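To convert a position in the sequence shown, counted from 1, into this note's numbering, add 1414.
Ideal Cβ positions, reconstructed from N, Cα and C, are used throughout, including at glycine.
Computed from a predicted structure; not experimentally measured.
Read through the structure below, which is laid out as structure tokens, and then see the notes.
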Amino acid sequence: MSIKDDMVVQFNYSLRDEKGDVIESNEGRDPIAYLHGHDNMMPGIENAINGKNVGDKFSVTPAAADTYGERQEGAEQRVSVKHLVGAKAWKPGMAAVVNTEQGQRQVTILKVGKFMATVDINHPLAGRELTFDIEIVGAREASDEEIAHGHAHGAGGHHH
């Protein structure tokens, strides 16, 4: 069964940097599940999975714009240290999470003072040439409820 829109797809992945080192993987955990064709996945990954079949293993190196985005120079913002999540003491170069009106956003600390920090709001992986090693481990037709909600339910997906 070829992957197409309105299917729930489950896959495992490893993410490798420009040197080929694995920087992220879901090995040993549940597969990632998403509703194909509903903007629930990075465009570069969804496009690579489209038309593939369960059991397929492949590698893809999408353009940065189709994964974590292009790097925006000067994308800095000052935020209150009390809004940074992830550590008790902050130093330049550390990754932090900030809760925004659009949800959580990963940032990098550039400078930190007693009350305020300057952060780079680019995703830490923005602008990089990254390779995704993907294995499709499951696919099924989405339920009417999943399509109406716009996301996959169950293991690896959304829980209500």
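The beta carbon of Ile1535 is closer than 6 Å to those of Ala1489, Gln1491, Val1521 in its chain, skipping five residues each way along the sequence. Approximately 12 Å separates the beta-carbon atoms of Val1533 and Lys1505; this is outside 8 Å, ruling out the contact.
Within the region 1480-1508, the complete beta strand (DSSP E) runs of at least 3 residues fall at 1490-1494.
With a beta-carbon spacing of about 7 Å, Val1468 and Val1551 fall inside the 8 Å limit used to define contacts. In this structure, the beta-carbon distance from Tyr1427 to Phe1546 falls below 7 Å.
An exposed status is given to Gly1442, since fewer than 16 other beta-carbon atoms sit within 10 Å of its beta-carbon.
Linking Arg1542 to Gln1486 through their CA atoms gives a straight-line distance of about 12 Å. Inter-residue distance for Ala1553 and Val1423 is about 4 Å (C-alpha atoms, whole angstroms). A distance below 7 Å separates the beta carbons of Ile1417 and His1450.
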